[in-house]
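K.L.:
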Amino acid sequence: MAAISTFEGKTGNNLIDALRPREWELLVSHLQPWAGEVGRAMQTPGSRVEWAYFPIGKAMASYRVSFSDGGEVETALIGREGAVGGIVSRGHLPAFALAVVLFGGTFARISLNDLDALKAAEPAIDSLFNRYADCLLAQVFQASACNASHSIQQRAARWLVAASERTGSDELTLTQDQLAGMLGVGRSYTTRVIGHFKAEGVVDTQRGRLTVLDHANLTAMACNCNDIVRGHFNTVLKGVYPEP
Numbered sequence: 271m272a273a274i275s276t277f278e279g280k281t282g283n284n285l286i287d288a289l290r291p292r293e294w295e296l297l298v299s300h301l302q303p304w305a306g307e308v309g310r311a312m313q314t315p316g317s318r319v320e321w322a323y324f325p326i327g328k329a330m331a332s333y334r335v336s337f338s339d340g341g342e343v344e345t346a347l348i349g350r351e352g353a354v355g356g357i358v359s360r361g362h363l364p365a366f367a368l369a370v371v372l373f374g375g376t377f378a379r380i381s382l383n384d385l386d387a388l389k390a391a392e393p394a395i396d397s398l399f400n401r402y403a404d405c406l407l408a409q410v411f412q413a414s415a416c417n418a419s420h421s422i423q424q425r426a427a428r429w430l431v432a433a434s435e436r437t438g439s440d441e442l443t444l445t446q447d448q449l450a451g452m453l454g455v456g457r458s459y460t461t462r463v464i465g466h467f468k469a470e471g472v473v474d475t476q477r478g479r480l481t482v483l484d485h486a487n488l489t490a491m492a493c494n495c496n497d498i499v500r501g502h503f504n505t506v507l508k509g510v511y512p513e514p
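All residue numbers in the sequence shown are consecutive under our numbering, ending with 514.
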């Protein structure tokens with residue numbers, strides 16, 4: 271595939287677009303468009319990591335940990351503020367978690383050979399991705415604490431708010447089964463929670479789609495974990511995390 275060359279100063283990925291013009295042009299010259307269909311894997315546990323992927327616009331990816339009974343739980347949600355793959359590590363280490371496309375769309379990707387060469391030659395690119403790795407780790411830490419401490423309703427509201435902010439859209443292609451899988455709970459729990467959200471007028475659902483109707487009240491129903499993650503992003507990578 272040809273390198274991405276149609277952008278004029280912006281790719282639609284906030285992390286890439288945080289680079290200064292010279293470094294931005296160097297990175298973009300090595301990027302390829304990649305069609306991310308829902309459910310398509312970007313890496314599987316134990317596989318050799320060959321690429322780094324950057325969600326563009328409304329595209330989103332999900333890091334998940336798989337269990338022996340076939341279940342999966344999401345550990346990180348990645349949108350236009352971030353990247354999936356070997357951003358920091360040198361070489362092609364095996365993947366620990368499953369990474370799949372959650373919301374379909376275009377991703378930009380770069381081979382790790384090219385990325386490692388750019389990071390070695392350009393300290394600004396290396397620094398940017400090191401700082402993003404710190405933010406991603408903070409996101410995983412916060413999600414772990416959230417899962418242990420907050421109610422399913424708070425977690426569901428947090429997840430929906432985060433997905434809406436990252437995609438920049440109040441319409442999410444999502445089923446209640448998928449949401450249950452993201453949260454690591456049974457479908458009956460999410461059915462009750464979504465029913466409550468609908469009764470309060472904060473969301474509406476159609477087959478395979480959920481629409482956020484009242485972002486402010488949905489945010490009020492969530493825990494403050496999104497705010498904590500956003501605050502860390504704004505300290506380490508100001509302007510990269512999408513604003514509400």
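No residue lacks a Cβ here, since even glycine has one placed at the ideal position from N, Cα and C.
Here the structure is a predicted model, which is why all the values come from computation and not from measurement.
Jot down the residue ranges of each uninterrupted alpha helix (DSSP H) in the segment 365-394, minimum 4 residues, whole runs only, in chain order.
P.N.:
Here the runs fully enclosed are 382-391.
K.L.:
Please state if the CB of N417 and the CB of R425 are separated by a distance shorter than 8 Å.
P.N.:
yes
K.L.:
Identify whether I326 lies in helix, strand or coil by the three-state DSSP scheme.
P.N.:
coil
K.L.:
Which runs of the alpha helix (DSSP H) spanning at least 4 residues fall entirely within the segment 393-478, listed in chain order?
P.N.:
393-419, 422-437, 446-453 and 457-469
K.L.:
Using the rule of at least 16 other Cβ atoms within 10 Å of the residue's Cβ for burial, across every protein chain shown, is Q313 buried or exposed?
P.N.:
buried
K.L.:
For R334, which of helix, strand or coil comes out of DSSP?
P.N.:
strand
K.L.:
Would you report the Cα separation of G309 and E435, rounded to the nearest angstrom?
P.N.:
In this structure, the straight-line span from the alpha carbon of G309 to that of E435 is close to 21 Å.
K.L.:
Here's a check: name, in chain order, each residue in its chain whose Cβ is nearer than 7 Å to the Cβ of T262, leaving out the five neighbours to either side.
P.N.:
Nothing can be reported for residue 262, as the shown portion of the chain is limited to 271 through 514.
K.L.:
Whole-angstrom Cβ separation of I326 and G374, contact assumed at under 8 Å?
P.N.:
Rounded to the nearest angstrom, the Cβ distance from I326 to G374 is 11 Å, too far for a contact under 8 Å.
K.L.:
Measuring CB to CB, does W321 end up less than 8 Å from L382?
P.N.:
yes
K.L.:
To the nearest whole angstrom, what separates the beta carbons of N285 and L388, a pair I think is in contact under 8 Å?
P.N.:
The amino acid occupying residue 285 in the given sequence is Leu; Asn does not appear at that position. Their Cβ separation, rounded to whole angstroms, is 14 Å, which puts L285 and L388 out of contact at 8 Å.
K.L.:
Ordered along the chain, which non-local residues of its own chain (more than five positions away) have a Cβ less than 7 Å from that of D484?
P.N.:
G471 and V472
K.L.:
For I286, report the span of its alpha helix (DSSP H) as first-last.
P.N.:
Careful: I286 lies outside any alpha helix (DSSP H) and carries neither H nor E.
K.L.:
How about F399 and V358: do their beta carbons lie closer than 8 Å?
P.N.:
yes
K.L.:
For the candidate residues A492, L289 and V510, whose alpha-carbon lies nearest to that of S419?
P.N.:
A492
K.L.:
Q412: buried (16+ other C-beta within 10 angstroms of its C-beta) or exposed?
P.N.:
buried
K.L.:
Return helix, strand or coil for R350, following the three-state DSSP convention.
P.N.:
coil
K.L.:
Which class does R318 belong to by DSSP, given the choice of helix, strand or coil?
P.N.:
strand
K.L.:
Given a cut-off of 8 Å on the beta-carbon distance, is the pair N334 and L368 in contact?
P.N.:
The sequence given here places Arg at residue 334; Asn does not occur at that position. Taking 8 Å as the Cβ cut-off, R334 and L368 qualify as a contacting pair.
K.L.:
Determine whether the Cβ of T314 lies closer than 8 Å to any Cβ atom of chain D.
P.N.:
As a matter of chain content, chain D is missing from the structure shown, which is built from one protein chain.
K.L.:
Work out the CA separation of R479 and D404 for me, nearest whole Å.
P.N.:
33 Å
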